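Per our numbering, numbering through the sequence shown is continuous, rising by one, with the last residue being 892. Heads up: the structure comes next, in C-alpha cells.
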Amino acid sequence: MILGVNVDHVATLREARKTFEPDPVMAATLAVLGGADGITVHLREDRRHICDRDLRLLREIVQCELNLEMAATEEMIRIALEIKPDMVTIVPEKRLELTTEGGLDMIGHKERLNDAIRKIHDACIPVSLFINPHIIDVDIAGEIHADMVEIHTGLYSNAGGKRKTEELHRVAEAVKIANKQGLHANAGHGLGYFNVMDIAAIKEIRGLYIGHSIISRAVLVGIERAVREMKELVSRAV
Ligand code: PXP
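Next up, the structure:
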C-alpha cells in the first residue's frame, strides 16, 4: 500500500506570513527521504497555500508519484495539461471551506467530470475522483472511465464507537465495489497515527493520502521521522 504525503500545510504556514519559509518543496524532498511513495498538493483557485511556483518546482524534483489535487475547472485542467503530474485527483472545492469537506457530487456533476476526465486522459494522465463511500458514486466513477477513486474517510475519522465501525464497513464496501469495477481504490482525509490502522488493514486499498496529521507531527519530530512512523504503522496493518 503506497503512502502519498500531502504537503499543503507546509505552505499554509508559509502563507501565514506571506514569506518564503517553510518551503513545501523542501518538505517534499524530506518526506521522500522518510519513505513517502508520493507527494500530493492541492492547487486551489484562491492559492491559499500551494502556489503555481510550488507545483512547477515539485514537477522538476519529485521522481515518485506527484499527485495534483484540483477542482474540475478550465483553469486547473489547463495547468494539469501543462505540468503533467503523475496523476490528478479531482476534488470538490468551496471557497469558504477549511478543508475539502466531502466527496464529489457525482450525480450532479457527472457530465462535467466526464468532460474533465476526457481532457486529462488526452494528455495520458490518470485520473482519480475523490468520492464519498457510496456505491452509486463508485458506479458513476466507473461509467465515466475514471482510473481510480479516493474514498473520503472523513466521516470514519470523525466518528466514534459503533458509528466508526459502520463508517469503516462503508469504506471497505466502496473499495471492494471499486475493485470489481476495475478501478484502483485509494483512501484519505482525516487519517492519522491513531486511526489509520483499521483503514490500512483493508487489503484492496492501493494507497493512502495523508496530510494534516503527518505535517502536525513533523512540526515536533521532523518530517522524515513523521513519514517513517506513518509508513511503519501502515505496513504493520497490511
Ligand atoms: N485526500 C484528499 C482528496 C484531500 O483533499 C485531502 C485534504 O487536502 C487529503 C486526502 C488529506 O487529508 P488530511 O489533511 O486530513 O490528511
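Each residue gets a CB set at the ideal place from its N, CA and C atoms; glycine is no exception. Please read all numbers here as calculations on a predicted model, not as lab measurements.
- Excluding sequence positions up to five before and after F848, its CB lies less than 6 Å from no other CB in the same chain.
- Rounded to whole angstroms, the separation of the alpha carbons of I794 and M680 is 38 Å.
- Looking at I715, R710, G796 and R671, the one whose alpha-carbon comes closest to that of A685 is I715.
- Fewer than three pairs of CB atoms, one per stretch, sit closer than 8 Å, so the region 810–829 makes no contact with the region 755–773.
- Comparing C-alpha distances from E878 to each of F674, V829, A690 and M655 shows the shortest one belongs to A690.
- Here the alpha carbons of R817 and I853 stand approximately 15 Å from one another.
- Collapsing the DSSP output to three states places Y847 in coil.
- Under the DSSP assignment, V664 falls in the alpha helix (DSSP H) whose first and last residues are D662 to R671.
- Pairing V875 with T754, the inter-Cα distance amounts to about 26 Å.
- Judged by the Cβ position, I785 fails to qualify as a neighbour of the ligand PXP at the 6 Å threshold, every heavy atom of the ligand being at least this far.
- Between the C-alpha atoms of I789 and D801 there is a straight-line separation of about 16 Å.
- Non-local C-beta neighbours of A734 in its own chain, meaning closer than 7 Å and more than five positions away in sequence, comprise L722, M724, V742, I774 and I779, ordered along the chain.
- Beyond the five residues adjoining it in sequence on each side, D662 comes within less than 7 Å, by CB distance, of V695, H696, H703, I704 and G865 in the same chain, given in chain order.
- Judged by DSSP secondary structure, L783 falls within the beta strand (DSSP E) whose first and last residues are V781 to I785.
- For T754, the three-state secondary structure derived from DSSP is coil.
- Boundaries of the beta strand (DSSP E) harbouring I864: G861 to I864, taken from the DSSP string.
- Buried is the label assigned to H838, since at least 16 other Cβ atoms lie within 10 Å of its Cβ.
- Residue environment for H823: exposed (fewer than 16 other C-beta atoms within 10 angstroms of its C-beta).
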